[in-house]
Structure formats: structure tokens, C-alpha cells
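Enquirer: Counting with mature numbering (1 follows the signal peptide of the UniProt record, and there is no 0), you get residues -22 to -1, 1 to 117 for the letters of the sequence shown. All C-beta atoms, glycine included, are put in the ideal place defined by N, C-alpha and C. Got a structure here, written out as C-alpha cells. Questions coming.
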Amino acid sequence: MLSYPMFFSLLVILFIGQPCELLHCYECQDAFTTIWLPQTCQFNATGAPVRECNDQQSFCFVTKVTVVKRVTNIQRGCTDDCEYGCQMSDFGLTSLTCTTCCTTELCNTGDGADQIKQYSGLLLISVMWSILLFRDTYV
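This is how it looks when you write it as C-alpha cells:
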């Protein structure tokens, strides 16, 4: 008969010994340098190659670069570090780089900005509401 410590040890070995399933993400990159063509990576992510991420990469991502409101680059793949959000750069010529990340199988099908727009609108409403509620506190 197995004792409790031995039974518990056996369970731990069984669960720890099981290999973890690695995340799968769509992987592609399109750069629109001279002429704009609707490529697979931008409009048909599910047609892009699927990549098995390594054990350090726990996120799928989509990064989209727009210059003067036109998409110039889009990239999908696996990453170990997610920098979610948008950043402006290039003084004089507005360049906006937006990244979205997710953690489920083949989840990087968005355009790199859909979810950010939703969250930024919610953030703006929250800030405005806070200002209205606490405006007398800081005066």
C-alpha cells in the first residue's frame, strides 16, 4: 500500500514530467515600400504560415506601423516580451507603431490596433470621469 507522501510524490512526478504544449502563432511580415498591395499578412492572417513558439515565448503579437495614416509595415509572430500599446516617432513625419499581444493558440489575427483603440477610448472616459469627480479636491 502506498503512503500519502509517496502517493503525493508520484502525482507530482506525473504532472511535472508531462511536456507543456508550446504556443502556436501566425508568422509573417509585409513591408509596403514602393506600392501598396494587399498582402496575406495584413488582410488574411489565417493564410500565413504557423510557427511553433519556443518555450521562452509565451505571447503571439501583431505589430503595425503607419505613417501619415497609411500602413507601411505589419508583422506577426511569437515573442517572449510584450510591449502592448502604441508609440509615436519620427519628428516631422508622424509614424505610429502599435503592438497587440495575446496568449492563446493562433490568436494574432487582428490588425495590431483594434483592441488598442477600444482600451484608449475607455481610458479617456475614465480620466475624464475622474477629473469631474475630483475637480474640487485639487482646487
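Looking only at C-alpha atoms, which of Glu5, Asp89 and Val46 sits nearest to Pro27?
Expert: Glu5
Enquirer: For the beta strand (DSSP E) containing Val62, name the first residue and the last one.
Expert: First, the amino acid is wrong: residue 62 is Tyr here, not Val. Unbroken run through Tyr62: none, as it is neither H nor E.
Enquirer: Starting from Gln7, trace the beta strand (DSSP E) both ways and give me its first and last residue.
Expert: Cys6 to Ala9
Enquirer: Spatial neighbours of Gly55 within its chain, please: CB distance less than 7 Å, with the 5 preceding and 5 following residues excluded, ordered by chain position.
Expert: Cys3, Glu5, Arg29 and Phe39
Enquirer: Output the distance between the C-alpha atoms of Gln20 and Asp58, rounded to the nearest integer angstrom.
Expert: 22 Å
Enquirer: What are the partner residues of Gly55, as DSSP defines its beta bridges?
Expert: Phe39
Enquirer: Beta-carbon separation of residue 122 and Phe10 under 8 Å?
Expert: What is shown of the chain runs -22 to 117, which leaves residue 122 out entirely.
Enquirer: Excluding five sequence neighbours on each side, which residues of the same chain lie with their C-beta closer than 6 Å to the C-beta of Ile52?
Expert: Asp8, Cys19, Gln20 and Lys42
Enquirer: Find the nearest neighbour of Val46 within the set Ser67, Gln35 and Asn86, judged by alpha-carbon distance.
Expert: Ranking Ser67, Gln35 and Asn86 by Cα distance to Val46 puts Ser67 first.
Enquirer: Is it buried or exposed, Thr78, if we count other Cβ atoms within 10 angstroms and call 16 or more buried?
Expert: buried
Enquirer: Go through its chain and collect everything with a Cβ distance to Cys60's Cβ below 7 Å, but skip five positions before and after it.
Expert: Phe37, Phe39 and Cys79
Enquirer: Can you give me the C-alpha to C-alpha distance between Asp33 and Thr81, rounded to a whole angstrom?
Expert: 13 Å
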